[in-house]
Amino acid sequence: MFAKAFRVKSNTAIKGSDRRKLRADVTAAFPTLGTDQVSELVPGKEELNIVKLYAHRGDAVIVYVSGGNPILFELEKNLYPTVYTLWSYPDLLPTFTTWPLVLEKLVGGADLMLPGLVVPPAGLPQVQKGDLCAIALVGNRAPVAIGVAAMSTSEMLTSGLKGRGFSVLHTYQDHLWRSGDKSSPPSVAPLALDPPDLSDKKGSSYADPALQGDMRHLALEGVEEENGEVQQMHGKKTPSEASEDSSIGGLNSDPTDSKTLQEQMDELLQRCFLHALKCRVKKADLPLLTSTFLGSHMFSCCPEGRQLDIKKSSYKKLSKFLQQMQQEQIIQVKELSKGVESIVAVDWKHPRITSFVTLEPVQEDSREQPYHPPDIKPLYCVPASMTLLFQESGHKKGSVLEGGEVRTIIINYAKKNDLVDADNKNLVKLDPILCDCILEKSEQHTDMKLPWDSLLTRCLEKLQPAYQVTFPGQEPIVKKGKICPIDITLAQRASNKKVTVVRNLEAYGLDPWTVAAILQQRCQASTTVTPAPGAKDSLQVQIQGNQVHHLGRLLLEEYHLPRKHIQGLEKAPKPGKKK
C-alpha cells in the first residue's frame, strides 16, 4: 500500500476526545495489550498527530504519529500497527517467518506467497482467513511487514504451501516507514521453537523439507503493480524443476542466452502485441482504448510462466511502443479525447501479422482487469484579473490551485495587509486589490466589509474552473474548464420508438464499445456506437428502448462512478410503465 509515495491531505494535533477514542479503539483491536501498554502507545500528554493522506492507488488512510514516528494507521475503519509499533511489541500479532531475500519483493509491493514461508518445528501459527499477521525474517523476531491472511492455517497446509498467503499492507523501508525516523529493526531473539538462522550452517541440523535446498532456488512468487495492472512474478523453481523451466519474471535466465533481459522483454512485448491483433482483436472492437488493449488482450496473450512488464523493455511506456508499431504501419493510434489514446485502425494484412505463428499456449485463467473510476479533483485557475491578489504568494496568471490552497492564500493576504476588522474578527475589510478582484462595478463605490465565508466564496467564483483527473496507475492530468458529466438522454426515433443515448464515456476511461456490448446482453436490445453530434472525435452509445435503469446500475454499482458525474438518471422509467 505504501510502496509508492503518498499525498498528505492534512496534519493536525489530536483532540482530547479523539485521543480517548483512539485508546479505546486500540484496546478493542489488540486485546493482548495491557492498560499500561495502551497508555504507553497512545500517551496522555505527549504530542500526537493525525495525518490524513491518500495512498498512490487513491485509498484514504489516517495515520497516527507520535514522537515523529507513525505508530498506527487506519484504513476503512480498521486499525493497523506500523513496524515501529511492532518493534516495541513484537508479540502483538501472530508472526510468520520468511527469508531475507523476500523482503526486497515485499518492499516493492509484492504479497507474500506461501512457498516463501519458513515452517518452524512447532508448525505455523494458527490464524483464520482475514486475520492480521506480522512477518519477520529468519534469525530476528522483529517484524518487517504486516499483512492480512489470504487463507486459514489449515488451508495453507492443505494447499501444500502454494499460492498467495498474505496481502501485505505495510513494510519496513516503504514510504510510511520513511515518514518516521527511518530506524532499522531491533534485534529480537527468536523463540526457542523458531528455526535456527541457516546463515550459521554449522549449528544447523533442522531438516524440514520446506527449508532444504539452495536458497537461490527459493520458490518465490509475488504480486507486483505495474502500469495500473496486477501482474504475477514467478521466481526460480526447485532444483529439480529448474532444469525444465529456468525463467525468472517471465524472462529466460539461461546464462547461455546471449540476449539481454531488456531484449528478451522487447521480444515478449512484440509477441503479445501481434498475438493479440491476430487472435483477439476484431474490426468491430475498434476504436479500442490502448489501456483496454493492454489489460484485456496483450496480458492475456502472455505465455504461461512468463510476465509481461513494459517498464523492463526498452520502450518503458505503452504509448512509446505503440508509436513504434504505428511507424511500422501496423496500427493507427489517435487521441479521441484529450489524454486518452485509442487504436482506431489495424492493418491485418501487414506481413508481421500474417506471418505471426502462435507457438505457446495462452494462460487460461487470464481475465480482463476490472474497471476502476478515475479520481477527479476540482481545481481553480488564476485569471489575469486576479493576478495582483495571488502574486504575493508566488502565483501568476494560469497557476492552478486546490480549493484549500486558495483559502490559505486569501486568509494570509488579509492578515498580512491588516484587513481583518478590529471590532469583528468575522469581517474582512476590502482593499483596492480585493475590490477590483471580487466586486461588481456597482459595488466598488462603497466601503465594504465581507464575512470570511462570503469573501472566500466570491474568490472561488471569480477563479476559472479546472480539474485534475487521475486514472489508476497513471500520472494525473490537469485540464481547464469543468469536466463534462456522462450524459444520458432519451430520443424518439421516426418509428416512434425510444432510444437511450449516452455520451462522454471516454472522459472517464470507459470504452463505448465495451459498454455497448454489456448493455446489449443485459437489456436484450440492439445497441450501436456512432460519432457524437457536435463533439469532435467523441462517440455515443445508443440502446433501443428506455434503458436508463440498466445504465445507472452499471455506472453506479459496478463501475462505482460518483452520481454527481452522471446526468440523466432521473429519466429511468417509473415502475409499472412501459419502456
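Using my numbering, read the sequence shown as starting at -5 and increasing by one per residue. Backbone N, C-alpha and C fix where the C-beta goes; we use that ideal spot for every residue, glycine too.
Pairwise C-beta distances place the stretch 485 to 500 out of contact with the stretch 451 to 463, as fewer than three of them are shorter than 8 Å. Partner residues in the beta bridge of Ala485, as assigned by DSSP, are Val493.
With fewer than 16 neighbouring CB atoms inside 10 Å of its own CB, Gly154 falls in the exposed class. Here Val535 carries a strand assignment [DSSP, helix/strand/coil]. Judged by DSSP secondary structure, Glu98 falls within the alpha helix (DSSP H) whose first and last residues are Pro94 to Val101.
Assignment of His169 by DSSP, reduced to helix, strand and coil, places it in the helix class. The continuous beta strand (DSSP E) containing Ser4 extends over residues Arg1 to Ala7.
Partner residues in the beta bridge of Ser60, as assigned by DSSP, are Leu42 and Asn63. For the 7 Å CB-CB criterion, His389 and Val376 form a contact.
Taking C-beta atoms as the reference points, Val162 and Leu263 fail to come closer than 7 Å.
Closest option to Pro556, judged by alpha-carbon separation, among Tyr502, Gly539, Gln514 and Met150: Tyr502. Excluding its 5 nearest sequence neighbours in each direction, Leu563 has C-beta neighbours in its own chain below 6 Å: Gly546, listed in chain order. Residue pairing by DSSP places Cys375 opposite Val394 and Gln458 in a beta bridge. Under the Cβ criterion (8 Å, minimum of three pairs), the stretch 139 to 153 does not count as touching the stretch 48 to 64. In the DSSP assignment, Leu316 falls within the unbroken alpha helix (DSSP H) covering Leu312 to Gln321.
Excluding the 5 residues flanking it on each side, Pro137 has same chain C-beta neighbours closer than 7 Å at Val77, Leu80, Pro84, Thr89, Ala128, Ile129 and Ala130, in chain order. Judged by beta-carbon spacing, Thr147 lies beyond the 7 Å limit of Leu108, meaning their Cβ atoms are not closer than that value. Of the candidates Gln120, Pro94 and Val142, Pro94 places its Cα closest to the Cα of Arg135.
Distance from the CA of Ser313 to the CA of Val334, rounded to the nearest whole angstrom, comes to 11 Å. Partner residues in a beta bridge of Cys429, as assigned by DSSP, do not exist.
Judged by pairs of C-beta atoms under 8 Å, the stretch 413 to 430 does not touch the stretch 465 to 485, as fewer than three such pairs exist. Linking Glu396 to Lys474 through their CA atoms gives a straight-line distance of about 13 Å. Here Thr284 really is in contact with Ser336; their C-beta atoms are around 6 Å apart, less than 8 Å. For Arg265, the enclosing alpha helix (DSSP H) has its first and last residue at Leu255 to Cys273. Counting only the Cα atoms, Pro372 lies some 15 Å from Gly392.
Leu302 carries a coil assignment under DSSP once its states are collapsed to helix, strand and coil. Taken through DSSP and simplified to helix, strand or coil, Val162 comes out as strand. Annotation for Ile140: the continuous beta strand (DSSP E) segment containing it runs Asn134 to Ala143. Judged by DSSP in its simplified three-state form, Leu283 adopts strand. With respect to Gln536, Val495 sits close: the two C-beta atoms are nearer than 7 Å.
Secondary-structure assignment with DSSP links Lys443 through a beta bridge to Lys423. For Ile370, the three-state secondary structure derived from DSSP is strand. In terms of CA proximity to Lys176, Ile65 leads the group Ile65, Val142 and Leu268.
Bridge partners of Phe90 according to DSSP: Ile129. Judged by DSSP in its simplified three-state form, Ala(-3) adopts coil rather than helix or strand. Under the three-state reduction of DSSP, Val32 is assigned to helix.
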